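Residue numbers (numbering that gives the first Met the number 0), protein chains in the order written: chain A, 0 to 295; chain B, 0 to 226; chain C, 0 to 260.
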Amino acid sequence: MNDATPEPAYNFAYLDEQTKRMIRRAILKGIAVPGYQVPFASREMPMPYGWGTGGVQVTAACLVPEDRLKVIDQGADDTTNAVSIRRFFARTAGVATTTRTTEATLIQTRHRIPETPLHAGQILVYQVPIPEPLRFLEPRETETRKMHELEEYGLMHVKLYEDIARHGQIATSYAYPVKVSGRYVMDPSPIPKFDNPKLSGSPAIQLFGAGREQRIYALPPYTKVVSLDFDDHPFQASKAAHDCDLCGAKASYLDEVITDDLGGRMFVCSDTDFCTDRQAHGKRGRVSAPVSGDAA
Amino acid sequence: MIRIENLSKSFTLQNQGGAVIPVMAGANLAVSPGECVGLIGPSGAGKSTLMRLVWGNYLAAGGAIHIGATDVAQATPREIIALRRDRLGYVSQFLRVVPRVPTRDVVAEPLLQLGVSQGEARLRAETLLARLNIPQRLWDLSPTTFSGGEQQRVNIARGFIHAYPALLLDEPTASLDSTNRAVVLELINEAKARGAAILGIFHDEDARSIVCDRLVDVTEFTPQAAA
Amino acid sequence: MSLIEKVTATDTPLLTVAGLTKNYGARIGCADVSFDLFPGEVLGIVGESGSGKSTLLSCLAGHQRPDLGQIIYDGQDVIAMSESARRRLGRTDWAYVHQNPRDGLRMGVSAGGNVGERLMAVGARHYGDIRAAATDWLGRVEIDADRIDDRPRAFSGGMQQRLQIARNLVTGPRLVFMDEPTGGLDVSVQARLLDLLRGLVRDLGLSVVIVTHDLAVVRLLAHRLMVMQGGRVVEQGLTDQVLDDPQHAYTQLLVSSVLQV
């Protein structure tokens with residue numbers, strides 16, 4: 000899309016080379032030990048904490064001039080954050096950008112995994128607020144580190160038990176904890192649990208960056224990732240029981256959009272690229288205009 | 000069954016300049032199965048002291064206390080606990096219980112320690128309590144609020160619930176009316192009949208004459224006498 | 000073989016402690032403590048503040064590393080064990096009942112979750128079974144089954160303490176460490192708890208090391224007693240013998256100082 004001329008005042012992708020080396024080392028460690036949180040020296044970035052600094056640092060460390068970058072926020076390419084970050088890298092790295100999942104070589108995402116399956120050679124970078132899945136049950140960092148070290152994950156199931164006791168089912172609907180390669184319990188970032196199955200066995204490299212908490216973790220390609228559950232309350236990747244009102248997709252994660260003050264609403268694919276692509280191929284939903292040429 | 004040989008006891012008051020008070024020396028006594036021996040002597044002569052030595056509550060200064068194959072004077076705490084569980088019973092003058100535990104459970108406790116099922120233990124406790132004229136309405140209550148006589152009967156029930164081969168009885172009929180005293184004496188005679196060796200302190204001369212086969216005067220064992 | 004026969008037939012101690020010493024710089028925490036503990040036995044450790052009893056307990060439970068001495072549990076050298084193994088022991092075979100139940104419970108987790116946690120920590124993965132086990136244990140410590148989803152914050156002190164006991168015992172530990180378990184409770188509540196503990200010790204054949212300054216509690220609960228002063232054991236033996244016929248000067252002082260009610 001926008002091939003802006005990179006600003007000469009900045010190093011390629013904003014960060015200095017030494018910082019990028021440090022981050023790459025952390026990434027390599029993360030890939031070597033899937034699901035393990037690697038501490039790294041998070042840098043000050045030109046956006047506040049909570050706005051994706053971790054993801055941006057990981058992306059910056061991975062980018063090469065030949066890359067084609069896609070940035071999405073809750074599945075959409077056109078929200079403020081996605082636009083800002085895409086423009087940031089266009090300015091500081093001069094890389095080509097795109098909204099097409101299939102054409103991107105590196106995708107930075109906030110809180111969603113694209114519906115279109117990824118292929119080998121792609122990198123998916125997640126923005127992570129709180130990397131520690133046990134944090135809300137065990138506030139002590141010393142204790143959670145011990146738990147990961149000694150594989151003491153009983154507490155994680157206590158959280159799920161509490162959900163069932165209180166709500167009759169596991170109520171966690173996003174940031175649903177997973178076990179990676181049968182060893183580490185990981186927080187997959189606040190993606191909806193609907194996306195959890197996509198984490199497992201993916202041909203792409205998945206990287207997770209938490210800037211404020213200063214942690215990086217990773218899933219190498221084809222890693223086995225299992226969502227935690229109970230034998231009698233198995234994991235279910237659920238979504239709204241609707242089809243997309245624009246493209247008619249049945250198996251895509253949906254956003255609910257309120258259309259008027261009378262309770263009117265519609266459901267549309269959260270992944271804008273996926274939805275647009277389907278419509279371009281003639282797929283239609285409840286509220287979309289008929290394909291030209293149809294009888295009225 | 001109970002054999003005491005050359006038993007001696009003294010108390011050392013460490014906080015009063017280490018004053019040594021000898022209270023017993025050269026005690027010799029044997030109780031055969033089926034026999035009841037009564038200890039007599041004035042107050043403070045050492046009757047309760049002797050009982051407590053046999054029970055293992057006091058440490059012997061010298062000598063031996065044989066209960067069957069165990070010498071209490073030399074036994075380890077574990078061995079004494081094992082002895083008290085199934086071979087040696089003790090009915091003390093005072094009822095010491097965990098507060099709020101119902102009477103029925105207080106009496107059933109020794110059986111539970113022996114592995115008897117809860118149902119059976121409770122049943123046997125109830126039978127014995129009934130025999131000792133403790134009314135049913137009291138069985139669910141803690142005995143700590145009972146009268147002296149009732150407490151004493153609960154104590155006795157707890158001491159007789161299991162057929163101990165050796166029994167120590169400290170004033171078992173004190174604070175009892177004649178009806179209940181008779182029941183207790185019956186229990187003692189039954190124990191004798193099944194071969195228990197009983198050592199008892201009875202201030203009540205009538206009771207003594209009914210159940211005791213022999214009397215032993217503990218003043219024989221006071222240190223001045225032995226010297 | 001009945002439980003009693005099993006217990007009395009065992010000649011090997013469950014826990015052997017030899018020469019245990021822990022110093023805080025130049026100060027003695029506890030010095031040269033040795034004892035054996037057998038299955039089904041309750042050992043009371045009494046002494047006043049500063050006697051070293053709490054230091055001893057925390058060394059025994061693996062919370063602190065002693066400077067000298069050995070702790071052998073069921074044939075395993077506890078001090079030489081890896082931390083992972085020791086922590087695992089603490090979640091399965093051992094239990095620790097804190098004086099303040101808040102230290103031994105997760106206050107933000109429901110009663111059922113608290114009791115179920117140890118089960119989940121050793122791999123239980125069936126919600127229904129976990130909940131059934133939790134309900135069963137709540138019943139055993141006399142907490143109403145319908146409180147299973149309530150948080151401990153809503154419980155009285157005595158109930159919290161009983162919940163802590165249930166939480167600890169659900170994995171069937173063989174050795175329980177207790178630090179003043181009845182301290183801070185109303186006297187009448189203490190009585191109920193003591194009786195509960197006695198019953199559990201008897202029915203489950205538990206071995207218990209209980210640290211307390213309350214002589215009435217040890218008289219009712221402990222088979223054997225160790226008296227500590229200035230970090231050292233000054234006397235040990237049968238509980239009623241130590242309390243009724245104390246030999247050491249300090250023990251005599253301790254016993255005579257107790258207020259009679």
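Note that CB positions come from ideal geometry on N, CA and C, so glycine has one too.
Nothing here was measured: the structure is a model prediction, and the numbers come from that model.
Quick check: is the beta carbon of phenylalanine 229 of chain A nearer than 7 Å to any beta carbon in chain C? On the first sequence, residue 229 of chain A is found 230 positions in, with the first residue counted as 1. Cβ-Cβ to chain C under 7 Å: yes for phenylalanine 229 of chain A.
Contact check, glycine 68 of chain C vs threonine 20 of chain C, beta carbons under 7 Å: Locating residue 68 of chain C in the third sequence gives position 69, counting from the first residue. Locating residue 20 of chain C in the third sequence gives position 21, counting from the first residue. Yes, these two residues count as a Cβ contact at 7 Å.
Flag aspartate 148 of chain C as yes if its beta-carbon sits less than 7 Å from any beta-carbon of chain A, otherwise no. Translated into the one-based positions of the third sequence, residue 148 of chain C becomes position 149. With respect to chain A, the C-beta atom of aspartate 148 of chain C has a partner C-beta closer than 7 Å.
Taking the straight line between their C-alpha atoms, what separation do you get for leucine 6 of chain B and alanine 196 of chain B? Here residue 6 of chain B is taken as the residue at index 7 of the second sequence, counted from 1. Here residue 196 of chain B is taken as the residue at index 197 of the second sequence, counted from 1. Straight through space, the alpha carbons of alanine 196 of chain B and leucine 6 of chain B are spaced by roughly 19 Å.
Tell me the rounded alpha-carbon separation between isoleucine 71 of chain C and aspartate 230 of chain A. Looking up residue 71 of chain C in the third sequence gives position 72. Looking up residue 230 of chain A in the first sequence gives position 231. Isoleucine 71 of chain C and aspartate 230 of chain A: Cα-Cα distance of roughly 38 Å.
Three or more beta-carbon pairs under 8 Å between the region 63–76 of chain A and the region 86–104 of chain A, yes or no? Yes: at least three Cβ pairs fall under 8 Å.
Check whether proline 172 of chain C and aspartate 92 of chain C have beta carbons under 7 Å apart: Along the third sequence, one-based indexing puts residue 172 of chain C at 173. Along the third sequence, one-based indexing puts residue 92 of chain C at 93. Aspartate 92 of chain C is positioned such that its CB atom lies closer than 7 Å to that of proline 172 of chain C.
Residues sharing a beta bridge with glutamine 75 of chain C, DSSP: Stepping through the third sequence from its first residue, residue 75 of chain C is reached at position 76. C/Tyr72.
May I ask you to verify whether the region 149–156 of chain A touches the region 80–87 of chain A, counting CB pairs closer than 8 Å and requiring at least 3? Not touching, per the Cβ criterion.
Does any residue of chain B have a CB that is nearer than 7 Å to the CB of alanine 248 of chain C? For the purposes of this step, residue 248 of chain C is taken as residue 249 along the third sequence, with counting starting at 1. It does; some Cβ of chain B falls within 7 Å.
Would you report the Cα separation of glycine 51 of chain A and proline 5 of chain A, rounded to the nearest angstrom? Against the first sequence, residue 51 of chain A aligns to sequence position 52. Against the first sequence, residue 5 of chain A aligns to sequence position 6. So the alpha carbons of these two residues sit roughly 21 Å apart.
At a Cβ threshold of 7 Å, is alanine 190 of chain C touching chain B? Against the third sequence, residue 190 of chain C aligns to sequence position 191. Answer yes: the Cβ-Cβ gap between alanine 190 of chain C and chain B drops below 7 Å somewhere.
At 4 residues or longer, and completely inside the region 48–106 of chain B: list those alpha helix (DSSP H) runs for me, N to C. Fully enclosed alpha helix (DSSP H) runs of 4 or longer: 76–85.
Is glutamine 240 of chain C close to chain B, meaning its C-beta is less than 7 Å from at least one C-beta of that chain? Within the third sequence, numbered from 1, the residue matching residue 240 of chain C stands at position 241. For glutamine 240 of chain C, a Cβ of chain B is located within less than 7 Å of the residue's own Cβ.
What are the start and end residues of the alpha helix (DSSP H) that includes valine 127 of chain A? Position 128 of the first sequence, counted from the start, is the residue given in the question as residue 127 of chain A. DSSP places valine 127 of chain A outside any alpha helix (DSSP H), giving it a letter other than H or E.
Among A/Glu16, A/Ala60, A/Pro45, A/Pro113, the one whose alpha carbon lies nearest that of proline 196 of chain A: As a position in the first sequence, residue 196 of chain A is number 197, starting the count at 1. When each option's Cα is compared against that of proline 196 of chain A, the closest is A/Pro113.
How many Å lie between alanine 162 of chain B and glycine 114 of chain B at the Cα? Here residue 162 of chain B corresponds to residue number 163 of the second sequence, with the count starting at 1. Here residue 114 of chain B corresponds to residue number 115 of the second sequence, with the count starting at 1. About 14 Å.
How should valine 121 of chain C be labelled, buried or exposed, when 16 other C-beta atoms within 10 angstroms of its C-beta is the threshold for buried? Numbered from 1 along the third sequence, position 122 holds the residue referred to as residue 121 of chain C. By the 10 Å Cβ count, valine 121 of chain C comes out exposed.
Candidates A/Leu159, A/Pro7, A/Phe39: closest to methionine 21 of chain A by CA position: Here the question's residue 21 of chain A lines up with position 22 in the first sequence. The option with the nearest alpha carbon to methionine 21 of chain A is A/Phe39.
Could you check the C-alpha separation between serine 256 of chain C and proline 245 of chain C for me, to the nearest Å? On the third sequence, position 257 is the one that residue 256 of chain C refers to. On the third sequence, position 246 is the one that residue 245 of chain C refers to. Answer to the nearest angstrom: the Cα atoms are 13 Å apart.
Enumerate in chain order the residues of its own chain whose CB-to-CB distance from methionine 155 of chain A is below 7 Å, with the five nearest sequence positions on each side excluded. Residue 155 of chain A sits at position 156 when you count from the first residue of the first sequence. Excluding positions up to five away in sequence, the list reads Pro132, Leu133, Pro176, Val184, Leu227.
Is the beta carbon of valine 153 of chain B closer than 7 Å to that of threonine 221 of chain B? If you number the second sequence from 1, residue 221 of chain B lands on position 222. If you number the second sequence from 1, residue 153 of chain B lands on position 154. Against a cut-off of 7 Å, the Cβ pair of valine 153 of chain B and threonine 221 of chain B comes out as no contact.
Neighbourhood of isoleucine 64 of chain B by C-beta distance below 6 Å, restricted to the same chain and skipping five residues each side: Taking the first residue of the second sequence as position 1, residue 64 of chain B is located at position 65. Take isoleucine 64 of chain B, set aside five residues on each side of it, and the residues of its chain with a beta-carbon closer than 6 Å to its own are Ile3, Val53, Val71, Ala72, in chain order.
Mind checking if glutamine 13 of chain B is an interface residue toward chain C, Cβ cutoff 7 Å exclusive? Here the question's residue 13 of chain B lines up with position 14 in the second sequence. Glutamine 13 of chain B counts as touching chain C.
With H, G and I counted as helix, E and B as strand and the rest as coil, what does DSSP make of proline 41 of chain B? For the purposes of this step, residue 41 of chain B is taken as the residue at position 42 of the second sequence. The DSSP-derived three-state label of proline 41 of chain B is coil.
I want to verify the contact list: residues of chain A whose CB lies under 9 Å from the CB of glutamate 116 of chain C, in sequence order. Taking the first residue of the third sequence as 1, we reach residue 116 of chain C at position 117. Within chain A, the residues near glutamate 116 of chain C are Gly153, Leu154, His156, Val157, Tyr160.
State yes or no: is the beta carbon of alanine 164 of chain A nearer than 7 Å to at least one beta carbon in chain C? Within the first sequence, residue 164 of chain A is the residue found at index 165, counting from 1. Yes, alanine 164 of chain A counts as interfacial toward chain C.
Secondary structure, alpha helix (DSSP H): runs of 4+ residues fully inside the region 124–153 of chain C: Listed in chain order, the alpha helix (DSSP H) elements of length 4 or more contained wholly in the region 124–153 of chain C are 126–139.
Spatial distance of glutamate 141 of chain C from glutamine 159 of chain C (CA atoms): Translated into positions along the third sequence, residue 141 of chain C becomes position 142. Translated into positions along the third sequence, residue 159 of chain C becomes position 160. Spanning the two alpha carbons is a distance of roughly 11 Å.
Nearest to proline 123 of chain A (by Cα), restricted to the options A/Tyr173, A/Pro7, A/Tyr35, A/Thr100: Locating residue 123 of chain A in the first sequence gives position 124, where the first residue counts as 1. Note on identity: in this sequence residue 123 of chain A is leucine, with proline being the wrong assignment. Distance from the Cα of leucine 123 of chain A is smallest, within the candidate group A/Tyr173, A/Pro7, A/Tyr35, A/Thr100, for A/Thr100.
Counting Cβ pairs closer than 8 Å, one from the region 103–111 of chain A and one from the region 28–47 of chain C, do we hit at least three? Counting Cβ pairs under 8 Å, fewer than three are found: no touch.
Note down the Cα distance separating tyrosine 89 of chain B from arginine 146 of chain C, rounded to an integer number of angstroms. Walking along the second sequence from the start, residue 89 of chain B turns up at place 90. Walking along the third sequence from the start, residue 146 of chain C turns up at place 147. Looking at the two C-alpha atoms, the distance is approximately 43 Å.
Residue of B/Leu137, B/Asp176, B/Ser174, B/Leu186 minimising C-alpha distance to alanine 156 of chain B: As a working note, residue 156 of chain B is residue 157 in the second sequence. Ranking the options by Cα distance to alanine 156 of chain B, first place goes to B/Leu186.
For phenylalanine 201 of chain B, which residues in the same chain have their Cβ closer than 6 Å to its Cβ, ignoring the five residues on either side in sequence? On the second sequence, residue 201 of chain B is found 202 positions in, with the first residue counted as 1. Cβ neighbours of phenylalanine 201 of chain B within its own chain (closer than 6 Å, five residues either side excluded): Gly37, Arg207.
Does glycine 127 of chain C come within less than 7 Å of chain A when only Cβ atoms are used? Counting from 1 along the third sequence, the entry for residue 127 of chain C is found at position 128. Interface residue (Cβ-Cβ distance to chain A less than 7 Å): glycine 127 of chain C is classified as such.
Can you list, in chain order, the residues of the region 139–151 of chain A whose Cβ is nearer than 7 Å to any Cβ on chain C? Flagged, chain order: Leu149, Glu151.
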